[in-house]
Amino acid sequence: MANFKLTQAERLCGKKRIDALFTSGNSFIVYPYRIVYRSASDTDNVPVSMFVSIPKKRFKRAVKRNLIRRRIKEAYRKNKHILTDTLQSQETALDMAILYLDREILDYQTLEKKLKDLLQKLKEKVCKESCEKNLPKPNDS
Numbered sequence: 000m001a002n003f004k005l006t007q008a009e010r011l012c013g014k015k016r017i018d019a020l021f022t023s024g025n026s027f028i029v030y031p032y033r034i035v036y037r038s039a040s041d042t043d044n045v046p047v048s049m050f051v052s053i054p055k056k057r058f059k060r061a062v063k064r065n066l067i068r069r070r071i072k073e074a075y076r077k078n079k080h081i082l083t084d085t086l087q088s089q090e091t092a093l094d095m096a097i098l099y100l101d102r103e104i105l106d107y108q109t110l111e112k113k114l115k116d117l118l119q120k121l122k123e124k125v126c127k128e129s130c131e132k133n134l135p136k137p138n139d140s
């Protein structure tokens, strides 16, 4: 049975780790999200550490930002198994930030559907990167 909790250890915090994520991480967009991710060095025995960011420039009221953040975290919590199962089998860990790009507050069903697409795409990218690292290099002789 899948673990549907979002524990404190799974939340990314700490200025150094967040700065490292944004300076050396990879990113892509699945609208209305932009994800920034990198392989984690300090794993804390969790496959993914994440945080959600909602721009204050687009949503002035904290109530609206918190509503979107809660919806995104709930959608992630219910669908994180898409990504975590693969990472656990490969024994790798990720730090990731989910950034909300839209100017409107979308309904939960839309946010969840797009987050599933995002996690699936991230899973494919991580699998591709780990396969490239594990491939033996051809000899030049």
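When you number the sequence shown by numbering that gives the first Met the number 0, it's gap-free, plus one each residue, and the end is 140. Note that CB positions come from ideal geometry on N, CA and C, so glycine has one too.
Exposed or buried, what is VAL62 when buried is set at 16 or more other beta-carbons lying within 10 Å of its beta-carbon? exposed
Apart from the five residues just before and just after SER52, which ones in its own chain have a Cβ nearer than 8 Å to its Cβ? Contacts found: ALA96, ILE97, LEU98 and TYR99.
Contact under 9 Å by Cβ, PHE58 with VAL35: Not a contact, by the Cβ cut-off of 9 Å.
Just verifying my parser: in three-state terms, what is the DSSP assignment at GLU128? helix
Verify whether the separation of the beta carbon atoms of PHE27 and LYS127 is less than 9 Å. A distance of 9 Å or more separates the beta carbons of PHE27 and LYS127.
Would LEU82 pass as a contact of VAL47 if the rule is Cβ separation under 9 Å? Pairing LEU82 with VAL47 gives a Cβ-Cβ distance under 9 Å.
Taking 7 Å as the limit between beta carbons, can you name the residues of its chain near ALA39, skipping five residues before and five after? SER48, ALA92, LEU93 and ASP94
Return the first residue and the last residue of the beta strand (DSSP E) that PHE50 is part of. 47-52
What does DSSP give as the partner residue(s) for ASN25 in the beta ladder? TYR36
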